[in-house]
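**Student:** Mapping of the sequence shown onto my numbering: position 51 corresponds to residue 117, and the numbering continues sequentially without gaps.
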Amino acid sequence: MSPSIPSNSSVPSLSDMTSTSNEKENRTPMTSGTTSSVSSDRSVREHIPDVVSNFSLINAAAANIVADNNGSWYYYLTPNAAKNLPNYQYQGADLSLLYKYLLSPLAAWCVDNLIPSWLAPNVITLIGLSWMFVSYCIIWYWCPGMYEANTDLDLASTYAVPGAIFLFNGCAMLIYQTLDNMDGKQARKTGSSSPLGLLFDHGCDAVNTILGSANWIAAMGMVPGNVSDLVGNDDHGNIQSKSLLSEIFGGDAMLATLLILGPMILFYIGTWEQYYTGKLILPQFNGASDGIFLGATLHFVSFLWGPMFWQSTTLADGAIDRLGFASLQGRVRNMDLVLFAAIITLVQEAVLKTSFVVRNYGLQTLRTAMPHVLLVASVLAMVHLDPTILLRSPRTMMHLMSGLFTEQTTQLMLDHMIEEKFELRNRWCLVPTVFVAAMMALGVSFKAENLDTFLFVYTVGLWIYLAFKISVVLYEVCDVLGIWCFDIVTPHPKKLSEVERDTVGTKKTN
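(1) Return the CA-CA distance between SER309 and ARG399, expressed in angstroms with no decimal places.
(2) Are the CB atoms of ASN580 and LEU169 nearer to each other than 8 Å?
(3) When you compare the CB positions of ARG461 and PRO210, do they come within less than 8 Å of one another, or not?
(4) Let's test the definition: count the other Cβ atoms within 10 Å of the Cβ of LYS251 and tell me whether it reaches 16, buried, or not, exposed.
(5) Within this structure, are the beta carbons of ALA174 and MET464 separated by less than 8 Å?
(6) What residue range is occupied by the uninterrupted beta strand (DSSP E) comprising GLY590?
(7) Alpha carbon to alpha carbon, how far is PRO290 from ILE554?
(8) Ignore the nearest five residues each way along the sequence and tell me which others in ILE409's own chain have a CB closer than 7 Å to its CB.
(9) Would SER260 pass as a contact of ILE549 if the rule is Cβ separation under 8 Å?
(10) Compare the Cα-Cα distances from VAL417 to each of LEU332, THR472 and LEU490 and report the closest residue.
(11) For my contact list, LEU164 and PHE359 are in at a C-beta cut-off of 8 Å; report their separation, rounded to the angstrom.
(12) By the DSSP assignment, the alpha helix (DSSP H) with ILE283 in it spans what residues?
(13) Where does ILE641 sit, in a helix, a strand or coil, going by DSSP?
(14) Could you please give me the residues that DSSP links to ILE347 through a beta bridge?
(15) Would VAL600 and THR431 be called neighbours here (beta carbons separated by less than 8 Å)?
(16) Where does THR556 sit, in a helix, a strand or coil, going by DSSP?
(17) Just to confirm, does LEU451 get its C-beta within under 7 Å of one of the non-hydrogen atoms of the ligand ZN?
(18) Taking 8 Å as the cut-off, does the region 257–272 touch the region 377–397 (at least 3 CB pairs, one atom from each stretch)?
(19) With 16 other CB atoms within 10 Å as the buried threshold, where does TYR242 fall?
(20) So what does DSSP say about GLU489, is it helix, strand or coil?
(21) Going by beta-carbon coordinates alone, are ASN216 and PRO373 separated by less than 8 Å?
(22) In the DSSP assignment, find the alpha helix (DSSP H) that holds MET463 and state where it starts and stops.
(23) Out of PRO557, ASP249, TYR140 and THR475, which has the shortest C-alpha to C-alpha gap to ILE190?
(24) When we look at the beta-carbon of ALA230 and count the other beta-carbons within 10 Å, is it buried (16 or more) or exposed?
(25) Is it the case that the region 496–516 contacts the region 445–453, given that we only count it when at least three CB pairs across the two stretches are under 8 Å?
(26) Relative to the C-alpha of LYS560, which residue among PHE552, VAL297 and VAL546 is closest?
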């Protein structure tokens, strides 16, 4: 959206404001000598009030322009958005028992006893995300393909992945979760709650989804593709070829994709529901509380017993033996139990929330779900039609999915807050992904190196655009609300009283 320019009719003409002065000047007789001098001095003295009055009119006109066109100079926020944003009130609740009896009391104690009152809530949020980002980079260094911890692959380039990186990530997840619960309590404690805090927290949570999913895949030694494509026809007896769940879903490439997309789908559906209901109600079992806690536990298990624990079949074999299903013996990995539980939770939550919104607000609500449906369908199609894509460019694909998801969900939240429509036609950055998936579905063959290069350039360009958009949106939201993003002590110029502004202006003039 381009900035709108106030019409010329709203600005008084300088010639109009000085017309009275000119008329008086024309009526002054011109004489020579002393009489002319005295008359001239008298004329100057008579015109001084008019000049002062004219400058006052100019200042008043400028002030009226700012007041009457508040928000019209913003790039992303419309005047209507600037009007609605300050009136937004968050409504939500976390019904998780873990949150109620452990996570919330812990966060409240930390805020009351450890956090100074001058620290901005958004700084707490950013520190939490920084822990996850550092942990992601560490695991990326040791497991660039996410499968390096799988010792069954017997690759020539295999090296020992230190288990300490999974211990660190488990701790980072718990720290992130605690700090994420603390920011809202700090905002209420300091009286600095605002729509900006909600938007910033929502954006950080959206970015964190890919960090958690990628690290979970690495911690379980999961191969995001067919082992035969990685090591050749001889799969070295890898359990992947025997897995029943992998067989049902068409290979571990699809399972890895579902593990990445799953949290994004649940996150988007929750935001989509809030867009219509005005409330964000997290169920008794949810990803923000229970999911992150279980994810941290998964990493602690990988640290204690190694990532290959998840590739074994020890947990299910005992139950299968007792139930007498001999044909399933050795076909259900410990990892499959985690993935199966995640898929069931995903389907249940998606069906319940979607049916609730459609039943109460009509089928037209599905239009705002279309951007995410297209993203999920396109990615699944690309991975299904090219099962080696996650083996060739795992990080590029994940960062692409993350960028598109973050753009969608943060815009959906912003549109909810400013009471504007979330439009599919404005999701232009999704077009290349849909186009590539459609071409592949139509049988168009892309060379692997050409496709990988295109996706890399596309992803870099996407994140450059997102960096610009996020920066501008945060600036505009801060300007509308009259607050700073990372400072709750220094008053914003818009919050200064008129007397203080006049004082500052006088000092600058002098």
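Glycine is no exception: its CB is placed at the ideal position from the N, C-alpha and C atoms. The model shown is predicted, which means the values in this text are computed figures rather than measured ones.
**Tutor:** Let me lay it out:
(1) If I take the Cα positions, the gap works out to 7 Å.
(2) Coverage of the chain is limited to positions 67 through 576, which leaves residue 580 absent and any answer about it impossible.
(3) The answer is yes: Cβ separation under 8 Å.
(4) If you draw a 10 Å sphere on the C-beta of LYS251, you find 16 or more other C-beta atoms in it, and that means buried.
(5) Contact annotation: ALA174 and MET464 have beta-carbon atoms that are not nearer than 8 Å.
(6) Examination of residue 590 is not possible in this model, given that the chain is present from 67 through 576 alone.
(7) Counting only the Cα atoms, ILE554 lies some 45 Å from PRO290.
(8) When the five nearest sequence neighbours on each side are left out, the beta carbons in the same chain lying within less than 7 Å of the beta carbon of ILE409 are those of LEU324, in order along the chain.
(9) Their beta carbons are under 8 Å apart, which means SER260 touches ILE549 by this criterion.
(10) Cα-wise, what sits closest to VAL417 is LEU332.
(11) The pair is a contact, with the Cβ atoms about 6 Å apart (cut-off 8 Å).
(12) Element bounds for ILE283: 261–285.
(13) Nothing about residue 641 can be reported from this structure: the residues present for the chain run from 67 to 576 only.
(14) Paired residues: ALA159.
(15) No answer is possible for residue 600: it lies beyond the span of the chain, which begins at 67 and ends at 576.
(16) In this structure, THR556 counts as coil in the three-state DSSP scheme.
(17) The ligand ZN is absent from the structure shown, which contains no ligand whatsoever.
(18) With the cut-off at 8 Å, the region 377–397 and the region 257–272 do not touch.
(19) A residue is called buried when at least 16 other Cβ atoms come within 10 angstroms of its Cβ; TYR242 meets this threshold and is buried.
(20) Looking at GLU489 - three-state DSSP - the assignment turns out to be coil, as it is neither helix nor strand.
(21) With respect to the 8 Å criterion, ASN216 and PRO373 are classified as neighbours on the basis of their beta carbons.
(22) Looking at the DSSP string, the run of the alpha helix (DSSP H) that includes MET463 is 460–484.
(23) Nearest option by C-alpha distance: ASP249.
(24) Per the 10 Å Cβ criterion, exposed.
(25) Between the region 445–453 and the region 496–516, the count of C-beta pairs closer than 8 Å reaches three or more; the two stretches touch.
(26) Cα-wise, what sits closest to LYS560 is VAL546.
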